[in-house]
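Contents: one structure, followed by commentary.
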Amino acid sequence: MTNHWVDIKNADLVVVMGGNAAEAHPCGFKWVTEAKAHNNAKLIVVDPRFTRSAAVADYYAPIRSGSDIAFLGGLINYLLTHDKIQHEYVKKYTDASFLVSDAYRFDDGLFSGYDKDKRSYDKASWSYQKGPDGFVLVDETLQNPRCVFNLMKEHYSRYTVEMVNRITGTPSEQFLTVCGMVAETCVPDKAMTILYALGWTQHSTGSQMIRTMAMVQTLLGNIGLSGGGINALRGHSNIQGLTDLGLMSNLLPGYMTLAGEKEQDFQGYLDKRATKPLRPGQMSFWQNYPSFHVSLMKSWYGEAATKENNWCYEWLPKLDKPYDVLQVFELMHQGKMNGYFAQGFNPLASFPNKAKIGEALAKLKYLVVIDPLATETSEFWKNFGAFNNVEPAKIQTEVFRLPSTCFAEEDGSLVNSSRVLQWHYKGADAPGEARGDAEIIAGLFLKLREMYRKEGGAFPDPVLNLTWPYQIPESPAPEELAREFNGKALADVTDPKDATKVLAKAGEQLAGFAQLRADGSTACGCWIFSGAWTQAGNLMARRDNSDPSGLGNTPNWAFAWPANRRILYNRASCDSAGKPWDPRRKVISWSAREKKWQGMDVPDMRLDADPAENVGPFIMNPEGVARLFGIDKMAEGPFPEHYEPFETPLDTNPLHPAAVSNPAARVFKGDLAEFGTSKDFPYVGTTYRLTEHFHFWTKHVKLNAITQPEQFVEIDEELARAKGVSSGDLIKVSSKRGHIKAVAVVTKRLKVLEVNGRKIHTVGIPIHWGFKGVAKNGYLANTLTPFVGDANTQTPEFKSFLVTIDKV
Amino acid sequence: MRVTRRSFFKVCASGLGSSSVAMLGFPTLDVLAEVREFKLTRTSEARNTCPYCAVGCGIIMHSMGDKAKNAKSSIVHIEGDADHPVNRGTLCPKGASLLDFVHSESRLHYPEYRAPGSNAWTRISWDDAFTRIAKLVKADRDQNFIPRTADGLTVNRWLTTGFLAASASSNESGYLTHKMVRSLGMLAFDNQARV
C-alpha cells in the first residue's frame, strides 16, 4: 500500500476492484465504512461477483473476469476525452511531456520489436528521446505528437464505450456511471483510493491491470494524497516482509536484484542499478544502490567481504532466467530437480494444475516440509481416494516433516500491507518438540557447515564464511536478527558535509539508511528496514497510538518502512510551490521560513529541497516523475493493452484477432497442450476466498471448519436451470486438467454477461478444502487451474480459466 | 439441595470462600449459580499479531501456567487488542478463532520421516533429521553446483534443490532463511508473494 489502513477513512471515493476487501480484509475494511460514515465517501465495487463488498457499495458494476484492462483503458479514454485530469499534477509530476523515440510503434496488438519465436520483445524502441546532455527531451506544451500524453491518448482512443462493453460485458450505462464518479476526483481537493488484491495479480496480464489503474490515479492526481493512493491489499501476515527481504528467485533484501550471468563486472552491475537522474536536479534515489549492496554483503560475509574482492560479489549466484515456482515445478516435472523445501507453504494445494504438481513432487529424491500443521504437500504420496489418487509404493521420494512453532510461540516482527513492522511476543511454548523456524534453519545450516569444514565439497567458501554471530548458534535470537537487518556501523560513520561530526560510532546501531556507506564501514541486512532497531531500541514494539493530526496517522505506533514514512510520495500532496493541494488533508508542506519540508508524516523528499529546484516527488524513478509511458520496465509493453486470458471464452480478442493473449507471457510446451477451449469448456471459472477461511490452514481449525465445513461452488440461476441443478446438488466441475466435485450454490450474485456477442457464465470456486484437516474433505480446487502466469511476475492465472459443469 | 464434594471444593477455590453463606459450609444452588470465577483472572497477557491476512490486527493472548520451571504455559484465550489503531479490538472469523489454530489437532509434535515407497510416517529425532537432510542437501549441491557456465561465465549457482519460504514467518526468520539459502547458491527460491 502506498498509503495505510486508517488513512482510507480520508477518501472521498473508494474503488474496490480486483479484490474483495470486505470479505478478505474485514477488520481493515472498517476504514471504508468510516469513510462512508464520516467523510461522505462513496464506495464503488467492480467485480465478476456481487460480493459482500458490493453489498455495502454505493455502486456496483459487473465485469468479465480477466477484462479489467479493457475497463480501465476505457476509463483512461473517458478521462482524457472529457478532460477530467488534474492538469498541474500531470504536467509537473508525470512524464506526459516527455518525447518518445520515433522507432516506437503499436500496430495490431503488438508493440515494436516483437520476436514471435522467442515470445519476447526487443525493447530498444520503447525509450525516450534524449538530448546531448543525457537528459530526456520534453515538450511542455503537450503539442508534439510524440509526447507521452498524445501517444497515450492515441493508444486508448481504441477503448471506446462500445468496445469496453464488447470485451467486459459491463453494461455501458454502468461503465459510464463508474467513469463519472471516478472523474469527480480529478480536482485537487478530492481523493480517490483503490483497494485491489488477487483479482488483479492472478492473471496473465495482472501486472498491467495494476499499472492501468496506477495511470488512472496519476492522471487524477491521487497519489501521495491522504485518502488517495494505490492500496495493494496483500494476503498473508508477513508476505510484505518476505517480499521486502527479497525471498524470491531474483531478489536480494530491499528490492535489490541478483546479477544476470552476463554481468561479470561488479562495477557494471552497480552502474546499471544505481540509476542516474534523467531530468535535471532529480533525486533518483537508487543512485545509492552501492551503499545498500555493500552494506548487505558486509552483513552476510563480514570480514571476508573486502573492497579487493568486490565485497564477495562472485559468491552470489547469477541468473540465466527466473526460477519462479512455475519454472521450478516444470523442471521438477521433467525430473530435473532433486530436492525441495516447503516451509510454511503447501504447494500441492496452492499451485496450479494439482495433478502436475503431484507428479512433480513424486520425482524428487527428497522433500522437506517445515510446518506447524500436517499439510497435503507433506502427504502428497498418500492415497486419499478421489482427493489424491496415488500409489505410495510407486513414489520414491524421501519425505521429512519437521514441526515448527506458530505465531503464538515466538517473538519477532511482521510487516502488514501498509509497510508497518510490528513486533509480537511469545505467549506459550510450542507443542511437543516443535521448534522455531530460525532454530530449524540454524540446525540445518550448522550441520552443513560442519560437513563442509570436515569434508570439503563444491565451492564451500560462502557457506564457511557466512556470518553467524549469534550468542547461541543453534538458536539465533529474534532480537539479534532484527538488529542485524537494521544495520550497524563497523567504523565511525561521519557526516558527509562535515567529517568531524560522527553520526554513528563503530558498533552502534544505525539510525537509518541515510547512514549507509559503500566503503565497507556499515553493515545492514535490509536497507529499507533500517531504522527499525536503532540505538533507541526496538521501534517496532512502540505502542503510542496517538493520532495528533486527526487523519489517522499514528507515527509512533511501531515502525514503517521506509524511514517511518506512512504515506509514500507525499511530496505530491503539494503543488509545485509546496502548498498542499487540499488544506483539509494536509500531509506535509514547504516552510519558506524554515527552508524545509514538514508535516504530520516524514516528508518523501530531501528535507531542504526548495520547490524552486523542481525535484520531482517520484524519487525512486530517475525521471523524478511518474511514468505514464512505461519505457522498458514491463514485459509486454509500455502501455497496458487488453489481452485475453490464455483460456479465453471468446476464442478471439475483439481489439486485434492476430494477438489474442499476452504475447510476452511464458508458456511451457506441455502446458499449452493442457489449455482447454470454449467448445468443451464454455464457462469462465474463477477461484476465490471466503471470510471464514484462510487458504488451506483454517480447515485445520475447528471453529472455522464449523462455519464453512463443506466444499461448494457458485453458479448463476440461468446456468442452474439449463443444467437442471438446484442448490445442494452435488456437481462436477471440470477443466482440461481435471475435475472437482462440490455442492452447488445457485446464486443471484453471479449474472450472465453478454461479451462479444456470447453469453458468458461464471462459475465461482472457493479454494479452502483438501484432504487434511477437521473440515469435510474436499478436492483441491487447483486441480482445475492452468499452469501459466503473468509475463512479469509469473503469478499464475488462477482467476480466469475455462470449465464445464455436470450434475453428478 | 445436593452439593457434591467436587462442587464444594470448586466453590471454595473460586474465591467464593469469602462469601458468608459459603463459609457456613452450606453453599446453595443459587450461590453456586451466581458467581463464576473470571476465567482471565490468573492469566498472563502477551501481545501478538494475527497470522492470517495483511491487515496485521493486534491481538492479546492469555496464557495459563505460573512460569515456574517445568510448568508449560498454555494459551487459553485470544482476543483483539483494543489499543491497536487499525483493528481497534475487532477480529474477523479467522482471527476470532485463533485459539483453535494454536490447539489444532493437526499440530505437528515431532520430526517424522517417510521412506521411499512407504505408506507411513516414522518418528525421528531432530539430530537425526538435521544429519540426514544435511547429507542429502550436501550430496545434491556437491554433485550439481555450477561454478561456471560452458562459456566460462562465473555463476556459482545450484539449481537442483529449491526452497519455498513461509509468508507467515517472521522477518527475523525470513532474513535468516534468505541468508542461508543464498549462501548455498540457490536460485529456485520463492514465497507466497509469487502466487
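Protein chains in written order, with the working numbering: chain A, 787 to 1594; chain B, 347 to 541.
Even for Gly, the Cβ is constructed at its ideal location relative to N, Cα and C.
Handout entry: Helix, strand or coil at Trp1086 (chain A) [DSSP, three-state]
Key = For the purposes of this step, residue 1086 (chain A) is taken as the residue at position 300 of the first sequence. Helix at Trp1086 (chain A).
Along chain B, which residues have their Cβ under 8 Å away from the Cβ of Pro1103 (chain A)? Reading the first sequence from its first residue, position 317 is the one you call residue 1103 (chain A). Close partners of Pro1103 (chain A) in chain B (Cβ separation under 8 Å): Val501, Asn502, Arg503, Trp504, Arg528, Gly531, Met532 and Leu533.
**Residues within the segment 795–813 of chain A neighbouring chain B, beta-carbon criterion of under 8 Å** = Ala810, His811, Pro812 and Cys813
Under 8 Å, do His524 (chain B) and Gly1032 (chain A) count as touching if we go by C-beta distance? For this step, residue 524 (chain B) is matched to residue 178 along the second sequence. For this step, residue 1032 (chain A) is matched to residue 246 along the first sequence. Going by C-beta atoms, His524 (chain B) is nearer than 8 Å to Gly1032 (chain A).
Let me check understanding here. Comparing Cα to Cα, which of A:Val1538, A:Thr1434 and A:Ala1263 lies closest to Asp1223 (chain A)? As a working mapping, residue 1223 (chain A) is identified with position 437 in the first sequence. Closest option to Asp1223 (chain A), Cα to Cα, is A:Ala1263.
**Study point:** Between the CA atoms of Asn1324 (chain A) and Val422 (chain B) - distance to the nearest angstrom
**Key:** Position 76 of the second sequence, counted from the start, is the residue given in the question as residue 422 (chain B). Position 538 of the first sequence, counted from the start, is the residue given in the question as residue 1324 (chain A). Computed Cα separation, rounded: 28 Å.
| query | Within 8 Å (strictly less), CB to CB, does Lys484 (chain B) reach chain A? | reply | In the second sequence, the residue the question calls residue 484 (chain B) occupies position 138. Yes, its Cβ sits closer than 8 Å to a Cβ of chain A.
- Is Asp888 (chain A) buried or exposed, if buried means 16 or more other CB atoms sit within 10 Å of its CB? Numbered from its first residue, the first sequence carries residue 888 (chain A) at position 102. Classification of Asp888 (chain A): exposed, given that the 10 Å Cβ count is below 16.
Buried or exposed for Thr956 (chain A), please, with buried defined as at least 16 other CB atoms from any protein chain shown within 10 angstroms of its CB.
Residue 956 (chain A) sits at position 170 when you count from the first residue of the first sequence. Counting Cβ neighbours within 10 Å, Thr956 (chain A) comes out buried, since at least 16 surround it.
inquiry  = Given a cut-off of 8 Å on the beta-carbon distance, is the pair Tyr1109 (chain A) and Ala534 (chain B) in contact?
reply    = Here residue 1109 (chain A) is taken as the residue at index 323 of the first sequence, counted from 1. Here residue 534 (chain B) is taken as the residue at index 188 of the second sequence, counted from 1. Yes; because the gap between Cβ atoms is below 8 Å, this pair is in contact.
Anything in the segment 1018–1034 of chain A with a Cβ closer than 7 Å to a Cβ of chain C? List those residues in chain order, please. No chain C is part of this structure, whose protein chains are labelled A and B.
Could you give the residue range of the alpha helix (DSSP H) that holds His524 (chain B)?
Numbered from 1 along the second sequence, position 178 holds the residue referred to as residue 524 (chain B). Per DSSP, His524 (chain B) belongs to the alpha helix (DSSP H) from Asn517 to Ser529.
Taking a contact to mean a Cβ-Cβ separation below 8 Å, would you say Gly1229 (chain A) touches Phe476 (chain B) in this structure? Along the first sequence, read from residue 1 onward, the residue named residue 1229 (chain A) stands at position 443. Along the second sequence, read from residue 1 onward, the residue named residue 476 (chain B) stands at position 130. Yes, the Cβ-Cβ distance between Gly1229 (chain A) and Phe476 (chain B) is below 8 Å.
Check your understanding: In the structure shown, what three-state DSSP assignment does Ser1136 (chain A) receive?
Key -> As a working note, residue 1136 (chain A) is residue 350 in the first sequence. Reduced to three states, the DSSP call for Ser1136 (chain A) is helix.
Exercise. Alpha carbon to alpha carbon, what distance is there between Pro1440 (chain A) and Gly917 (chain A)?
Worked result: Locating residue 917 (chain A) in the first sequence gives position 131, where the first residue counts as 1. Locating residue 1440 (chain A) in the first sequence gives position 654, where the first residue counts as 1. Rounded to the nearest angstrom, the two C-alpha atoms are 40 Å apart.
>> Within 8 Å of any Cβ in chain A, is that where the Cβ of His524 (chain B) sits?
In response: Counting from one through the second sequence, the residue named residue 524 (chain B) turns up at place 178. True, the Cβ-Cβ gap to chain A drops below 8 Å.
* When burial is assigned at 16 or more other CB atoms within 10 Å of the CB, is Val968 (chain A) buried or exposed? -> For the purposes of this step, residue 968 (chain A) is identified with residue 182 of the first sequence, where counting begins at 1. Buried.
Looking at chain B, is there any beta carbon in it that lies within less than 8 Å of the beta carbon of Pro1248 (chain A)? For the purposes of this step, residue 1248 (chain A) is identified with residue 462 of the first sequence, where counting begins at 1. Yes - at least one Cβ of chain B is within 8 Å of the one on Pro1248 (chain A).
*For the segment 1384–1429 of chain A, list the alpha helix (DSSP H) runs that are entirely contained and at least 4 residues long, ordered along the chain.*
none
- Query: Name the chain A residues whose beta carbon is nearer than 7 Å to that of Asp488 (chain B)?
  - Reply: One-based indexing of the second sequence puts residue 488 (chain B) at position 142. Within chain A, the residues near Asp488 (chain B) are Gly1243 and Ala1244.
DSSP-derived helix/strand/coil call for Ser364 (chain B): Here residue 364 (chain B) corresponds to residue number 18 of the second sequence, with the count starting at 1. Confidence is the limiting factor: at Ser364 (chain B) the pLDDT is only 47, short of 50, which leaves the residue's position unreliable, though a coordinate-based value still follows. Looking at Ser364 (chain B) - three-state DSSP - the assignment turns out to be helix.
TODO: Output the residue ranges of the beta strand (DSSP E) runs that lie fully inside the segment 1495–1524 of chain A and measure 3 residues or longer, sorted by chain position.
DONE: 1498–1502 and 1516–1521
Next on the checklist: Does Val1538 (chain A) come out as helix, strand or coil in the three-state DSSP assignment?
Outcome noted: Locating residue 1538 (chain A) in the first sequence gives position 752, where the first residue counts as 1. Note: Val1538 (chain A) maps to coil in three-state DSSP.
| message | With three or more beta-carbon pairs closer than 8 Å as the criterion, would you say the segment 856–871 of chain A touches the segment 991–998 of chain A? | response | Contact between the segment 856–871 of chain A and the segment 991–998 of chain A is established, with three or more Cβ pairs separated by less than 8 Å.
| message | Give the list of continuous beta strand (DSSP E) stretches no shorter than 3 residues that lie fully inside the segment 456–516 of chain B. | response | 458–460, 492–494, 500–503 and 507–511
request  = Starting from Asp1361 (chain A), follow its DSSP beta bridges and name the residues at the other end.
outcome  = Here residue 1361 (chain A) corresponds to residue number 575 of the first sequence, with the count starting at 1. Asp1361 (chain A) pairs with nothing; no bridge assigned.
Task: CB contact below 8 Å: Trp986 (chain A) versus chain B - done: For the purposes of this step, residue 986 (chain A) is taken as residue 200 along the first sequence, with counting starting at 1. No - not a single Cβ of chain B is within 8 Å of the one on Trp986 (chain A).
- Query: Which partner residues of Met532 (chain B) appear in the DSSP bridge assignment?
  - Reply: Translated into the one-based positions of the second sequence, residue 532 (chain B) becomes position 186. BP columns for Met532 (chain B) point to B:Trp504.
Exercise. Identify each residue in the segment 1195–1211 of chain A for which the Cβ-Cβ distance to at least one residue of chain B is less than 9 Å, and report them in chain order.
Key: Glu1195, Glu1196, Asp1197, Gly1198, Ser1199, Leu1200, Val1201, Asn1202, Ser1203, Ser1204, Val1206, Leu1207, Gln1208, Trp1209, His1210 and Tyr1211
For the alpha helix (DSSP H) holding Lys1122 (chain A), just list the boundary residues, first then last.
-> Translated into the one-based positions of the first sequence, residue 1122 (chain A) becomes position 336. Careful: Lys1122 (chain A) lies outside any alpha helix (DSSP H) and carries neither H nor E.
#### Entry: Contacting residues, own chain, Cβ-Cβ under 6 Å from Gly363 (chain B) (five flanking each side not counted)
The residue given as residue 363 (chain B) occupies position 17 in the second sequence. At Gly363 (chain B), the pLDDT of 46 sits below 50, so the modelled position is not reliable; the number obtained from the coordinates is stated separately. Cβ within range, chain order: n/a, list empty.
Use the C-beta contact count for Phe384 (chain B): other C-beta atoms within 10 angstroms, 16 or more gives buried, fewer gives exposed. On the second sequence, position 38 is the one that residue 384 (chain B) refers to. Flag for Phe384 (chain B) reads exposed.
* To do: Below 8 Å on the Cβ atoms is my guess for Thr1648 (chain A) versus Ser993 (chain A); work out the distance and round it to an integer in Å.
  => Look at the range of chain A in this structure, 787 to 1594, and you will see that residue 1648 (chain A) is not part of it.
Going by alpha carbons, who is nearest to Thr506 (chain B) out of A:Lys1107, A:Met1123 and A:Lys1084?
Looking up residue 506 (chain B) in the second sequence gives position 160. For the residues A:Lys1107, A:Met1123 and A:Lys1084, the minimum Cα distance to Thr506 (chain B) belongs to A:Met1123.
Secondary structure of Lys1591 (chain A), DSSP reduced to three states = As a position in the first sequence, residue 1591 (chain A) is number 805, starting the count at 1. Residue 1591 (chain A) is actually Ile in this sequence, not Lys. Reduced to three states, the DSSP call for Ile1591 (chain A) is strand.
- Name the one or two DSSP bridge partners that Phe1345 (chain A) has. Along the first sequence, one-based indexing puts residue 1345 (chain A) at 559. Per DSSP, A:Leu1207.
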